[in-house]
């Protein structure tokens, strides 16, 4: 079985926990703590309304043993380079070559003190907390946009009514 190249077992575990109400995050060594140490998912998005309760989840070890026993041939598909989209699609090795690395010295960590570092020593662009905050802000802005669209529609209707009244007044004045 091949997973799409956009997924991994870790991403599946994160999604599984996220859908059940938890914000799971591995430390810089790739280890997961106890589930009770993780914060609950924010309640600002449409999929997780306020008042929702987090459901129990299994540990990372149980999750991987389930996949190993039930799906022993589970693999992540390699990214295929398309001749038309060479600039857009990168193989995992190309992506790794472009990201800053921790080698023998810790200079890069000093250059990026506020960044999260993944298991391989590279910078993880946005930390999990930032992703949830941005997701909540995006949903808030979408709701505001919908409200403004409704206001615009009602104003358009009012403008149409006023234009009709003006036409009737002009006809009456003639």
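Residue numbers (this note's numbering): 347 to 520.
Ideal Cβ positions, reconstructed from N, Cα and C, are used throughout, including at glycine.
The structure displayed is predicted, hence computed values, not measured ones.
Based on the DSSP output, what are the partners of residue i in its beta bridges?
i, result
"residue 401", "Beta-bridge pairing links residue 401 to no other residue."
"residue 488", "Paired residues: none, contrary to the question."
"residue 300", "Look at the range of the chain in this structure, 347 to 520, and you will see that residue 300 is not part of it."
Between residue i and residue j, what straight-line distance do the alpha-carbon atoms span, to the nearest angstrom?
i, j, result
"residue 507", "residue 395", "38 Å"
"residue 512", "residue 518", "10 Å"
"residue 509", "residue 503", "10 Å"
"residue 485", "residue 493", "12 Å"
"residue 481", "residue 498", "25 Å"
"residue 356", "residue 501", "49 Å"
"residue 496", "residue 413", "47 Å"
"residue 410", "residue 398", "27 Å"
"residue 405", "residue 365", "15 Å"
"residue 361", "residue 369", "9 Å"
"residue 421", "residue 376", "19 Å"
"residue 520", "residue 514", "10 Å"
"residue 393", "residue 491", "18 Å"
Applying the 10 Å Cβ sphere with the 16-neighbour rule, what's the burial state of residue i?
i, result
"residue 403", "buried"
"residue 359", "buried"
"residue 378", "buried"
"residue 472", "With a pLDDT of 48 at residue 472, under the threshold of 50, the modelled position of that residue is not reliable, and the figure given next carries that caveat. Exposed, because fewer than 16 other Cβ atoms sit within 10 Å of the Cβ of residue 472."
"residue 363", "buried"
"residue 457", "With a pLDDT of 47 at residue 457, under the threshold of 50, the modelled position of this residue cannot be trusted; read the value that follows with caution. Residue 457 is exposed by the Cβ-count criterion."
Give the single residue among the options whose Cα lies nearest to the Cα of residue i.
i, options, result
"residue 386", "515, 500, 478 and 483", "478"
"residue 381", "367, 496 and 374", "367"
"residue 407", "419, 388, 393 and 372", "372"
"residue 418", "483, 488 and 349", "349"
"residue 488", "415, 391 and 351", "391"
"residue 401", "415, 416 and 384", "384"
"residue 423", "505, 352 and 374", "352"
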